[in-house]
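Trainee: Taken in order, the sequence shown gives residues -24 to -1, 1 to 497; the numbers are from mature numbering (1 follows the signal peptide of the UniProt record, and there is no 0). Each residue gets a CB set at the ideal place from its N, CA and C atoms; glycine is no exception.
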Amino acid sequence: MDSGTIFPLILINVFVHLLLPVEGTDYYGRFPSNFMWGLATSAHQIEGAWNASGKSEHIWDRFCHAGKCWKGDTGDVACDSFHKYMVDVQLLKKIGVTHYRFSLAWTRIIPNPLTGKVNQEGLNYYRQLIDELQRNNIIPLVTIFHWDLPQSLEDIGSWANDSLVGYYNHYADVVFKAYGDKVKHWITFNEPWVICWMGYGTGEYAPGIKEPATRPYKCAHTIIKSHAEAYHTYNDKYRNTQKGQVGITMNSDFMAPKDPHNKSHIEAATRAQQFNLGWFAHPIFKSGDYPDVMKNYVAKNSPQGTSRLPNFTAQEIARNNGSADFLGLNHYTTSLVEPLRRNDNVHVTGGYIDDQENILSHDPAWPGSGSTWLFVVPWGFRNLLNWIRTEYGNPQVIVTENGVTDNNGTVQDKHRVDYYRAYITEMLKAINEDKCNVTGYTAWSLMDNFEWSNGYHEKFGIHYINFSDPELKRVPKDSAIFFQKLITENGFPDPTQNNAAVCSQKIFISLVLIFLVYFLG
Ligand code: PNW
């Protein structure tokens, strides 16, 4: 062939290469071969059947029945998963997940923790669910407590009462014993930060208590001790035979300095990260105790010579330290942080927020969502995973929640597909480039569900549900199809490489064009 023929052929090949669709962004790759892929839910948000089969009242039943949730919404029926759990398992199977994260309702299993009596019917429900998952080759990732505190425990002072350590430990012991033959991944608590700050600080969440100066600190203290005791119960009684893992799930924004070149902004962001994630992660993954900066700033803002931050005893510090096999991470968004100046005239919520001496904001350029607090900032995810790697010595992390809302539930949810693609790509970079020890990911959520104080108005699902239709049919959104593909391919393979379909298309188009140029041209 002479150069007059070769040149057009090269051009044709370049053209074909550019012509074929290349999905996604700037980075491709696969996840480790044993990566856990799943979807997440929690009991009160999906089960309904709020007073069936011996279940007792919990703080979210009480709170929403009192009209404190969006337009009078309640979790009384929700997605009716109590009755439709087999349908849910089929949805999971269709997506192709390896794992399903769900939570147990304490009030089904031990309706009156003060007596400690176990309700066999409640126990049976989760046994059936676990068996059904196993029949479908789906591995359970079980949250023992996802916010639905028995009302009887709220009535004796909730997490301000130290005796909850014992009541929680008994509950954990019951479920380890009942399900530990098949459950190998346990999460003791979901998001203590939200429980303590939004339940007892701002009062936006059940039980609606607004005591920001003291109650959140006391709540966190009791929850950390409860977690540690449950972890040791597992070690002492079950680990040898059951051989599972016990972790805890924490929520955290990435705290970014508003001005990354300003030293005081960088310090402020670190302080915010320590007050947020460090509040729980430092005692459990680093030293047994709260971060120093938190101790200093709470004391500094308390009456002289005192602190509103409780102290752990030496024995408790030893029990807390290292009391988790993995860190469950719920991550949605990023905040910008700068230090509060004395003469700043800003509205602060008091107590825990004042103690940090920071101002939080977001970049107006960040896309929003169906929730006031949730901005789409994918790069923050990689930064947070790296912060965890360096701060806590690269512990095993399972991302137990990540997702985005809208308010209309559209099945053509391109914004959700874009969110997931971008965030999961950042996680892939954190694993493949930065060597963060992330072993799994469960997206929030399997389906639209009861979004706490925001009722059915804020929708996180990859399946749509029309809550006015008694059938509560689950309809896959585009994001469900996205997950199916992501899990099958275990990542985002480079569409220009090792892809048989794309290669054969290219060869075919090239041959046709060569034929046209050569014989007709
Ligand atoms: C988590 N915030 O809650 C919970 O674990 C889920 O049950 C919930 O449905 C999901 O995230 C979406 O909200 C959060 O204001 C609630 O930062 C509020 C915040 C974070 C997490």
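Quick check on the burial criterion: 16 or more other C-beta atoms within 10 angstroms. Buried or exposed for Glu447?
Mentor: Sequence index remark: in the sequence shown, residue 447 carries index 471 (1-based). With fewer than 16 Cβ atoms within 10 Å of its Cβ, Glu447 is classed as exposed.
Trainee: Quick one: any contact between the region 93 to 107 and the region 135 to 149, if contact means 3 or more CB pairs under 8 Å?
Mentor: Segments in contact, no.
Trainee: With hydrogens ignored, establish whether the beta-carbon of Val313 is closer than 7 Å to any heavy atom of ligand 1.
Mentor: Walking along the sequence shown from the start, residue 313 turns up at place 337. No, Cβ of Val313 sits at least 7 Å from all heavy atoms of ligand 1.
Trainee: Which word fits Arg318, buried or exposed, when buried means at least 16 other C-beta atoms lie within 10 angstroms of its C-beta?
Mentor: For the purposes of this step, residue 318 is identified with residue 342 of the sequence shown, where counting begins at 1. Arg318 comes out exposed.
Trainee: Rounded to a whole number of angstroms, what is the C-alpha to C-alpha distance between Lys219 and Val118?
Mentor: Walking along the sequence shown from the start, residue 219 turns up at place 243. Walking along the sequence shown from the start, residue 118 turns up at place 142. Whole-angstrom Cα-Cα distance: 15 Å.
Trainee: Compute the beta-carbon to beta-carbon distance between Ile438 and Phe459, rounded to the nearest angstrom, for a pair I have assumed lies under 8 Å.
Mentor: The count along the sequence shown starts at 1 and reaches residue 438 at position 462. The count along the sequence shown starts at 1 and reaches residue 459 at position 483. Yes, Ile438 and Phe459 are in contact; Cβ-Cβ is about 6 Å, under 8 Å.
Trainee: Please work out which residues of its chain come closer than 6 Å, Cβ to Cβ, to Ile463, disregarding the five sequence neighbours upstream and downstream, and give them in chain order.
Mentor: Along the sequence shown, read from residue 1 onward, the residue named residue 463 stands at position 487. Taken in chain order, the residues that qualify are Trp13 and Gly72.
Trainee: Helix, strand or coil: how does DSSP classify Ala232 here?
Mentor: In the sequence shown, residue 232 corresponds to position 256, counting from 1. Note: Ala232 maps to strand in three-state DSSP.
Trainee: Locate the beta strand (DSSP E) running through Tyr76, then write down its first and last residues.
Mentor: The residue labelled residue 76 in the question sits at position 100 within the sequence shown. Run containing Tyr76: His75 to Ser79, per the beta strand (DSSP E) assignment.
Trainee: Would Phe39 and Leu404 qualify as a contact pair, given that the criterion is a beta-carbon distance under 8 Å?
Mentor: One-based indexing of the sequence shown puts residue 39 at position 63. One-based indexing of the sequence shown puts residue 404 at position 428. Taking 8 Å as the Cβ cut-off, Phe39 and Leu404 do not qualify as a contacting pair.
Trainee: Assign Asp212 to one of two classes, buried (16 or more other C-beta atoms within 10 Å of its C-beta) or exposed (fewer than that).
Mentor: The count along the sequence shown starts at 1 and reaches residue 212 at position 236. It is exposed - the Cβ of Asp212 has fewer than 16 other Cβ atoms within 10 Å.
Trainee: Using the beta-carbon count (16 or more within 10 Å), is Trp349 buried or exposed?
Mentor: The residue labelled residue 349 in the question sits at position 373 within the sequence shown. Exposed, by the Cβ-count rule.
Trainee: Mind checking whether Pro87 and Lys153 have CB atoms under 8 Å apart?
Mentor: By one-based count along the sequence shown, residue 87 stands at place 111. By one-based count along the sequence shown, residue 153 stands at place 177. Contact flag unset, no.
Trainee: Nearest to Thr198 by alpha carbon, out of His59, Leu140 and Gly254?
Mentor: Position 222 of the sequence shown, counting from 1, holds the residue named residue 198. For Thr198, the nearest C-alpha among the options comes from Leu140.
Trainee: Between the alpha carbons of Pro259 and Asn359, how many angstroms are there, rounded?
Mentor: Start at 1 with the first residue of the sequence shown, and residue 259 comes out as number 283. Start at 1 with the first residue of the sequence shown, and residue 359 comes out as number 383. Approximately 22 Å, taken between the alpha carbons.
Trainee: List the endpoints of the continuous beta strand (DSSP E) containing Leu223.
Mentor: Here residue 223 corresponds to residue number 247 of the sequence shown, with the count starting at 1. What sits at residue 223 in the sequence shown is Gly, not Leu. Counting along the chain, the beta strand (DSSP E) containing Gly223 begins and ends at Gln221 to Asn227.
Trainee: Should Ser429 go down as buried or exposed, given a rule of 16 or more other Cβ atoms within 10 Å for buried?
Mentor: Counted from its first residue, the sequence shown places residue 429 at position 453. Counting Cβ neighbours within 10 Å, Ser429 comes out buried, since at least 16 surround it.
Trainee: Can you grab the Cα-Cα spacing for the pair Arg180 / Ile485, in whole Å?
Mentor: Your numbering for residue 180 matches position 204 in the sequence shown. Your numbering for residue 485 matches position 509 in the sequence shown. Here residue 180 is Glu; the residue named in the question, Arg, does not match the sequence. Looking at the two C-alpha atoms, the distance is approximately 59 Å.
Trainee: Straight-line CA distance for Arg84 to Tyr144?
Mentor: The count along the sequence shown starts at 1 and reaches residue 84 at position 108. The count along the sequence shown starts at 1 and reaches residue 144 at position 168. Between Arg84 and Tyr144, the C-alpha separation is close to 14 Å.
Trainee: In whole angstroms, what separates the C-alpha of Asn227 from that of Lys44?
Mentor: Within the sequence shown, numbered from 1, the residue matching residue 227 stands at position 251. Within the sequence shown, numbered from 1, the residue matching residue 44 stands at position 68. Roughly 24 Å between the two C-alpha positions.
Trainee: Does His237 pass the burial test, meaning 16 or more other C-beta atoms within 10 Å, or should it be called exposed?
Mentor: Counting from one through the sequence shown, the residue named residue 237 turns up at place 261. When all chains shown are included, His237 counts as exposed.
Trainee: In chain order, which beta strand (DSSP E) runs of at least 3 residues are fully inside the region 417 to 494?
Mentor: With a minimum length of 3 residues, the continuous beta strand (DSSP E) runs that stay inside the region 417 to 494 are 439 to 441 and 450 to 452.
Trainee: So, for Pro371: in the same chain, excluding its five sequence neighbours on each side, which residues have a beta-carbon less than 6 Å away from its beta-carbon?
Mentor: On the sequence shown, position 395 is the one that residue 371 refers to. For Pro371, where only same-chain residues beyond five positions count, the Cβ hits under 6 Å are Phe261 and Leu303.
Trainee: Pull the bridge partners of Met12 from the DSSP assignment, please.
Mentor: Numbered from its first residue, the sequence shown carries residue 12 at position 36. Its beta-bridge partners are Gly416.
Trainee: Which residue wins for smallest C-alpha separation from Asp56, given the options Met231, Phe436, Ile483 and Met423?
Mentor: Here residue 56 refers to the residue found at position 80 when the sequence shown is read from its first residue. Among Met231, Phe436, Ile483 and Met423, the Cα nearest to that of Asp56 belongs to Met423.
Trainee: List the endpoints of the continuous beta strand (DSSP E) containing Leu305.
Mentor: Residue mapping note: residue 305 aligns to position 329 of the sequence shown, counting from 1. Run containing Leu305: Leu303 to Asn306, per the beta strand (DSSP E) assignment.
Trainee: Taking Ser32 as part of the beta strand (DSSP E), name the residues at either end of that continuous run.
Mentor: Translated into the one-based positions of the sequence shown, residue 32 becomes position 56. From DSSP, Ser32 is part of no beta strand (DSSP E); its letter is neither H nor E.
Trainee: May I ask whether a heavy atom of ligand 1 can be found less than 7 Å away from the beta carbon of Asn227?
Mentor: As a first step, residue 227 must be located in the sequence shown, where it is residue number 251. Checking the Cβ of Asn227 against ligand 1 gives yes.
Trainee: Would DSSP call His197 helix, strand or coil?
Mentor: In the sequence shown, counting from the first residue as 1, residue 197 sits at position 221. His197: helix per DSSP, three-state reduction.
Trainee: Any C-beta of chain D sitting closer than 8 Å to the C-beta of Ser29?
Mentor: No chain D is part of this structure, which consists of one protein chain only.
Trainee: Can you tell me whether Phe351 is buried or exposed, with buried defined as 16 or more other CB within 10 angstroms of its CB?
Mentor: As a working note, residue 351 is residue 375 in the sequence shown. By the neighbour-count rule (16 or more Cβ atoms within 10 Å), Phe351 is buried.
Trainee: Examine ligand 1 and report whether any of its heavy atoms sits within less than 7 Å of the Cβ of Asn378.
Mentor: Looking up residue 378 in the sequence shown gives position 402. Every heavy atom of ligand 1 is 7 Å or more from the Cβ of Asn378, so no.
Trainee: Within its chain, find whatever has a CB closer than 8 Å to the CB of Asn252; leave out the 5 residues flanking it on each side and keep chain order.
Mentor: By 1-based counting over the sequence shown, the position of residue 252 is 276. Once the five neighbours on either side are set aside, the close Cβ partners of Asn252 are Trp169, Ser228, Asp229 and Met231.
Trainee: Just how far apart, CA to CA, sit Glu409 and Tyr399?
Mentor: What you label residue 409 is simply residue 433 of the sequence shown in a count that begins at 1. What you label residue 399 is simply residue 423 of the sequence shown in a count that begins at 1. Spanning the two alpha carbons is a distance of roughly 15 Å.
Trainee: Report all residues from its chain with a CB closer than 7 Å to the CB of Asn277; omit the five preceding and five following residues, and keep chain order.
Mentor: On the sequence shown, residue 277 is found 301 positions in, with the first residue counted as 1. Hits under 7 Å: Asp330 and Asp331.
Trainee: Are there 16 or more other CB atoms within 10 angstroms of the CB of Asp445, so buried, or fewer, so exposed?
Mentor: The residue labelled residue 445 in the question sits at position 469 within the sequence shown. Exposed, because fewer than 16 other Cβ atoms sit within 10 Å of the Cβ of Asp445.
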